[in-house]
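Chemist: Dumping the structure here so I can ask a few things about it.
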Amino acid sequence: MKNSDITVTKLVANGLYKQALQFYSKLHSSSHTPNSFTFPILLKACSNLSYNSPSQTQILHAHLFKTGFHSHPHTSTALTASYAANSRSFPDAFKLFDEMPQPTITAFNAVLSGHSRNGTRGEAIVLFHKIGLWNLRPNSVTIASLLAARDIKNESHVQQVHCLGLKLGVEFDVYVSTSLVTGYSKCGGLISSNKVFENLQVKNVVTYNAFMSGLLQNGFPRLVFHVFKDMMMSLEQKPNMVTLVSVISACATLLNIHLGKQVHGLSMKMEACDHVMVVTSLVDMYSKCGCWGFAFDVFNESKTRNLITWNSMIAGMMMNSESERAVEVFERMIDEGVLPDPATWNSLIGGFAQKGVFVEAFKYFRKMLCAGVAPCLKIVTSLLSACADSSLLQSGKEIHGYALRICVDKDDFFATALVDMYMKCGCVSLARFVFDQFEAKPADPAFWNAMIGGYGRNGDYESAFEIYDEMLAEMVQPNGVTFVSVLSACSHSGQVERGLHVFKMIRESGLDPKPEHFGCVVDLLGRSGRLGEARDLVHELAEPPASVFYSLLGACRCYLDSNLGEEMAMKLLDMEPENPAPLVVLSNIYAALGRWREVERIRGLITDKGLDKLSAVSMIEVA
DNA sequence: ATAGGGTTAG
Numbered sequence: 001m002k003n004s005d006i007t008v009t010k011l012v013a014n015g016l017y018k019q020a021l022q023f024y025s026k027l028h029s030s031s032h033t034p035n036s037f038t039f040p041i042l043l044k045a046c047s048n049l050s051y052n053s054p055s056q057t058q059i060l061h062a063h064l065f066k067t068g069f070h071s072h073p074h075t076s077t078a079l080t081a082s083y084a085a086n087s088r089s090f091p092d093a094f095k096l097f098d099e100m101p102q103p104t105i106t107a108f109n110a111v112l113s114g115h116s117r118n119g120t121r122g123e124a125i126v127l128f129h130k131i132g133l134w135n136l137r138p139n140s141v142t143i144a145s146l147l148a149a150r151d152i153k154n155e156s157h158v159q160q161v162h163c164l165g166l167k168l169g170v171e172f173d174v175y176v177s178t179s180l181v182t183g184y185s186k187c188g189g190l191i192s193s194n195k196v197f198e199n200l201q202v203k204n205v206v207t208y209n210a211f212m213s214g215l216l217q218n219g220f221p222r223l224v225f226h227v228f229k230d231m232m233m234s235l236e237q238k239p240n241m242v243t244l245v246s247v248i249s250a251c252a253t254l255l256n257i258h259l260g261k262q263v264h265g266l267s268m269k270m271e272a273c274d275h276v277m278v279v280t281s282l283v284d285m286y287s288k289c290g291c292w293g294f295a296f297d298v299f300n301e302s303k304t305r306n307l308i309t310w311n312s313m314i315a316g317m318m319m320n321s322e323s324e325r326a327v328e329v330f331e332r333m334i335d336e337g338v339l340p341d342p343a344t345w346n347s348l349i350g351g352f353a354q355k356g357v358f359v360e361a362f363k364y365f366r367k368m369l370c371a372g373v374a375p376c377l378k379i380v381t382s383l384l385s386a387c388a389d390s391s392l393l394q395s396g397k398e399i400h401g402y403a404l405r406i407c408v409d410k411d412d413f414f415a416t417a418l419v420d421m422y423m424k425c426g427c428v429s430l431a432r433f434v435f436d437q438f439e440a441k442p443a444d445p446a447f448w449n450a451m452i453g454g455y456g457r458n459g460d461y462e463s464a465f466e467i468y469d470e471m472l473a474e475m476v477q478p479n480g481v482t483f484v485s486v487l488s489a490c491s492h493s494g495q496v497e498r499g500l501h502v503f504k505m506i507r508e509s510g511l512d513p514k515p516e517h518f519g520c521v522v523d524l525l526g527r528s529g530r531l532g533e534a535r536d537l538v539h540e541l542a543e544p545p546a547s548v549f550y551s552l553l554g555a556c557r558c559y560l561d562s563n564l565g566e567e568m569a570m571k572l573l574d575m576e577p578e579n580p581a582p583l584v585v586l587s588n589i590y591a592a593l594g595r596w597r598e599v600e601r602i603r604g605l606i607t608d609k610g611l612d613k614l615s616a617v618s619m620i621e622v623a
């Protein structure tokens, strides 16, 4: 094999499909012909890129025709698979398939997996039933492909294919069992997934990886480490790049930078730091842990970047409030000829929107429109939430109008943001109007939370309780946020007993009360003067957050309890040495009691610590 | 030929 063929093979193995094809096209213009083994590899690159455009496949097809390699059986199957990977070129795949005088089971599999990738599971099943008519027998690859269907969303669908696999006796094939693990995890069937995984005698790196990513997607990042340790201990299988990606992502969701750095070290030892996906996941991990500097170092030092790497870096800068740097990265990306996609725009627009910098958010929104990118729902939703946070009622209404015109106003996410925006702008009746427009209300608790929280913020506690009751009647499961809103409504309307009852409900509905729930109840008790009970509740928490101490301090201010007040203020001073607020409240307590000597002492403390600068701003839109 | 991975709204 020539050196150039080896280069192409290596690039594809590292997932650098675009670079592989670029390298090939340079060779081609110098009239070099790759050997017959290289074409299927190039076609693999095409099929991985073809979700964007089938044009690469077409170019390669033409070259194959000239060299006569197209009739090579493996090559023609690879070609079919490459066309089948994109729904636009699917007819071409079918044409090639139809022209085969005697299709093989591999050719069937190629078309069938195309259907799976495109999310047309029904068509894949129709094709599956035709296999027998050609006197062919489905094999493990057929079953694995059926299991990989993008639109499989129901555990029973997986079970059906699982049964087919059992009948054919291929259920212990590594490909099949791996697809079963991913199939079940994708539908939230972690129990089944675990069962399949545990019962396997033969496990592959891929099987481990599949199981780990299933754990990650289902919200069990800690278990990822468990499996990873098992894998390292058993020495049965060595981790590879994909393993590292899952483990790094687990560190990212846990915000555990210490582990993250260790895995980064391991990646260097394994010489995996040149791999695009490892780089991308490291950038994401460091950004999420708040270390944009490390993320930027990894990003700059890496030779291999792709669109997703750029997007992660931009999003990372944005989430670390480094918007200027995010824009710089964005401009570098454009300079290097990488075309931004909706996720890129979303990071920029959503990032600015979240910070309440509208001018910039709308500026990039306009730029996006000029670039001919249709505004996707995510972006419109971010803009809407930006309007909500800064009470930009007029802009919010414009976005509502836009959504009505393109008929997306009934999307769950969008409607939630819409209700939230109207509520935060104080337009309770408009929020209610949006809510009433739904005949069948979304089963998503967030939608209900926006109404309950909104009524609460606007002081209409009775309506908040009504919506909560309606939510329960509709069998929508409340979540942590729901309880925070309901508890705070109880606290603001002075309904102590009702609040305590709701607090009990949290455990009864199978949730674990979080510090913020304790905070609400502390506030509830504190406001009604039951300071002792409130204090006992605080002691139930292992690590009470500052907010809990603040509520109790507030209650001490109301009921003029200087002892407890002193205790709370000192705790807070320990936690937030830069914040003068607790001391100010404490001095107010002493002042109200007429204990001026204590007031002097606290004032002195404030000056000694150099904390006596206070400033505050608030903003409203005047219609 | 077929399986596993990273970014992204309320």
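When we follow full-length UniProt numbering, the leftmost residue of the first sequence carries the number 1, and every step to the right adds one. Just so you know, even glycine gets a beta-carbon here, dropped at the ideal spot from N, CA and C. Small disclaimer: the values here were computed from a predicted structure and weren't measured.
1. DSSP three-state label for residue 670, please.
2. Helix, strand or coil for Asn318 per DSSP?
3. Taking just the CA atoms, how far does Ala417 sit from Asp389?
4. What does the alpha-carbon distance come out to for the pair Leu573 and Leu552?
5. Is it true that the CB of Ser140 sits closer than 8 Å to the CB of Val181?
6. Mark Trp134 as exposed unless 16 or more other C-beta atoms lie within 10 angstroms of its C-beta, in which case mark it buried.
7. How many Å lie between Gln217 and Pro239 at the Cα?
8. Classify Ser281 as helix, strand or coil using the three-state DSSP reduction.
9. Is it the case that the Cβ atoms of Ala250 and Val224 are separated by a distance below 8 Å?
10. When we look at the beta-carbon of His129 and count the other beta-carbons within 10 Å, is it buried (16 or more) or exposed?
11. Between the Cα of Phe352 and those of Ser382, Leu235, Arg88, spot the shortest distance and give me the residue it belongs to.
12. Only counting runs of 4 or more residues, tell me where the alpha helix (DSSP H) segments fall wholly within the region 120-169, in order along the chain.
13. Please report how far the alpha carbon of Leu166 lies from the alpha carbon of Ile143, in whole angstroms.
14. Could you tell me whether the Cβ atoms of Ser347 and Ala315 are closer together than 8 Å?
15. Quick one: is Ile6 buried, meaning 16 or more other Cβ sit within 10 Å of its Cβ, or exposed?
16. If you check the beta carbons only, do Tyr461 and Ser493 fall under 8 Å apart?
17. Could you tell me the distance, in whole angstroms, from the CA atom of His400 to the CA atom of Asp409?
18. Please report how far the alpha carbon of Met285 lies from the alpha carbon of Phe294, in whole angstroms.
19. Near Ile467, which residues of its chain fall below 6 Å by C-beta distance, leaving aside the five closest residues on each side in sequence?
20. Is it buried or exposed for Glu543, if we count other Cβ within 10 angstroms and need 16 for buried?
21. Hey, which unbroken runs of the beta strand (DSSP E) at 3 residues or more fall wholly within the region 538-577?
22. Use the C-beta contact count for Glu578: other C-beta atoms within 10 angstroms, 16 or more gives buried, fewer gives exposed.
23. Between Leu42 and Ala20, is the Cβ-Cβ spacing less than 8 Å?
24. With distances taken from CA atoms, which of Lys367, Ala464, Ser213, Trp345 is nearest Ile379?
25. Hey, out of Glu540, Tyr590, Gly456, whose CA is closest to Asn563's CA?
26. Is the beta carbon of Leu586 sitting closer than 8 Å to the one on Gly565?
27. Measuring straight from C-alpha to C-alpha, what distance separates Gly122 and Gln159?
28. If we ignore side chains and look at the alpha-carbon of each, how far apart do Ser25 and Val12 end up?
29. So, at 6 Å on beta carbons, what are the nonlocal neighbours of Cys387 in its own chain, with the 5 sequence-adjacent residues on each side left out?
30. Please classify Asp458: does DSSP put it in a helix, a strand, or coil?
31. The alpha helix (DSSP H) that contains Glu398, what's its start and end?
32. Quick check: the region 326-333 against the region 304-315, are there 3 or more CB pairs under 8 Å?
33. When DSSP labels each residue in this structure, what does Phe483 get in the three-state scheme?
34. Can you grab the Cα-Cα spacing for the pair Met568 / Arg507, in whole Å?
35. Please go through the same chain and pick out, in chain order, the residues whose beta-carbon is closer than 8 Å to the beta-carbon of His517, but skip the five residues on each side of it.
Modeler: On the basis of the data shown:
1. Any answer about residue 670 is impossible in this case: the structure gives the chain only from 1 up to 623.
2. Within the first sequence, residue 318 is the residue found at index 318, counting from 1. In the sequence under discussion, the amino acid at residue 318 is Met, which differs from the Asn named in the question. The answer is helix: DSSP assigns Met318 an H, G or I state.
3. Reading the first sequence from its first residue, position 389 is the one you call residue 389. Reading the first sequence from its first residue, position 417 is the one you call residue 417. The alpha-carbon atoms of Asp389 and Ala417 are separated by roughly 11 Å.
4. Mapped onto the first sequence, residue 573 falls at position 573. Mapped onto the first sequence, residue 552 falls at position 552. Using only the alpha carbons, I get a separation of about 14 Å.
5. Indexing the first sequence from 1 puts residue 181 at position 181. Indexing the first sequence from 1 puts residue 140 at position 140. Remark: C-beta atoms of Val181 and Ser140 do not approach each other more closely than 8 Å.
6. In the first sequence, counting from the first residue as 1, residue 134 sits at position 134. Classification for Trp134: exposed.
7. Taking the first sequence and counting its residues from 1, one reaches residue 217 at position 217. Taking the first sequence and counting its residues from 1, one reaches residue 239 at position 239. Each residue's alpha carbon lies about 19 Å from the other.
8. Numbered from 1 along the first sequence, position 281 holds the residue referred to as residue 281. Helix at Ser281.
9. The count along the first sequence starts at 1 and reaches residue 250 at position 250. The count along the first sequence starts at 1 and reaches residue 224 at position 224. In this structure, Val224 lies closer than 8 Å to Ala250 by Cβ.
10. Indexing the first sequence from 1 puts residue 129 at position 129. Exposed, since its Cβ has fewer than 16 Cβ neighbours within 10 Å.
11. Residue numbering aside, residue 352 sits at position 352 when the first sequence is read from its first letter. When Ser382, Leu235, Arg88 are compared, the shortest CA-CA separation from Phe352 is found for Ser382.
12. Fully enclosed alpha helix (DSSP H) runs of 4 or longer: 121-130, 140-147, 155-168.
13. If you number the first sequence from 1, residue 166 lands on position 166. If you number the first sequence from 1, residue 143 lands on position 143. It is roughly 10 Å from the alpha-carbon of Leu166 to the alpha-carbon of Ile143.
14. The count along the first sequence starts at 1 and reaches residue 347 at position 347. The count along the first sequence starts at 1 and reaches residue 315 at position 315. Ala315 sits close to Ser347, with the two beta carbons spaced by under 8 Å.
15. Here residue 6 is taken as the residue at index 6 of the first sequence, counted from 1. When all chains shown are included, Ile6 counts as exposed.
16. For the purposes of this step, residue 461 is identified with residue 461 of the first sequence, where counting begins at 1. For the purposes of this step, residue 493 is identified with residue 493 of the first sequence, where counting begins at 1. Yes.
17. As a working note, residue 400 is residue 400 in the first sequence. As a working note, residue 409 is residue 409 in the first sequence. Within the model, the alpha-carbon separation for His400 versus Asp409 is close to 7 Å.
18. For the purposes of this step, residue 285 is taken as the residue at position 285 of the first sequence. For the purposes of this step, residue 294 is taken as the residue at position 294 of the first sequence. Each residue's Cα considered, the two are about 10 Å apart.
19. Counting from one through the first sequence, the residue named residue 467 turns up at place 467. Cβ within range, chain order: Met451, Ile452.
20. As a working mapping, residue 543 is identified with position 543 in the first sequence. By the 10 Å Cβ count, Glu543 comes out exposed.
21. The qualifying runs do not exist here; there are none.
22. Reading the first sequence from its first residue, position 578 is the one you call residue 578. Exposed, because fewer than 16 other Cβ atoms sit within 10 Å of the Cβ of Glu578.
23. Numbered from 1 along the first sequence, position 42 holds the residue referred to as residue 42. Numbered from 1 along the first sequence, position 20 holds the residue referred to as residue 20. Contact check for Leu42 against Ala20 passes: the beta carbons are separated by less than 8 Å.
24. For the purposes of this step, residue 379 is identified with residue 379 of the first sequence, where counting begins at 1. Answer by Cα proximity: Trp345.
25. Within the first sequence, numbered from 1, the residue matching residue 563 stands at position 563. Closest in C-alpha terms to Asn563, from the list Glu540, Tyr590, Gly456, comes Tyr590.
26. Position 586 of the first sequence, counting from 1, holds the residue named residue 586. Position 565 of the first sequence, counting from 1, holds the residue named residue 565. Yes, these two residues count as a Cβ contact at 8 Å.
27. By one-based count along the first sequence, residue 122 stands at place 122. By one-based count along the first sequence, residue 159 stands at place 159. Between Gly122 and Gln159, the C-alpha separation is close to 16 Å.
28. Position 25 of the first sequence, counted from the start, is the residue given in the question as residue 25. Position 12 of the first sequence, counted from the start, is the residue given in the question as residue 12. So the alpha carbons of these two residues sit roughly 14 Å apart.
29. Here residue 387 refers to the residue found at position 387 when the first sequence is read from its first residue. So the list reads Ser395, Gly396, Met421, once near-sequence residues are dropped.
30. Here residue 458 corresponds to residue number 458 of the first sequence, with the count starting at 1. The residue you asked about is not Asp; residue 458 is Asn in the sequence shown. Coil.
31. Within the first sequence, numbered from 1, the residue matching residue 398 stands at position 398. Taken as a continuous stretch (DSSP letters only), the alpha helix (DSSP H) holding Glu398 covers 393-405.
32. Short answer: they touch.
33. Mapped onto the first sequence, residue 483 falls at position 483. The three-state reading of DSSP puts Phe483 in helix, counting H, G and I together.
34. Here residue 568 is taken as the residue at index 568 of the first sequence, counted from 1. Here residue 507 is taken as the residue at index 507 of the first sequence, counted from 1. Rounded to the nearest angstrom, the two C-alpha atoms are 28 Å apart.
35. The count along the first sequence starts at 1 and reaches residue 517 at position 517. Around His517: Gly480, Phe483, Val484, Leu487, Phe503, Ile506.
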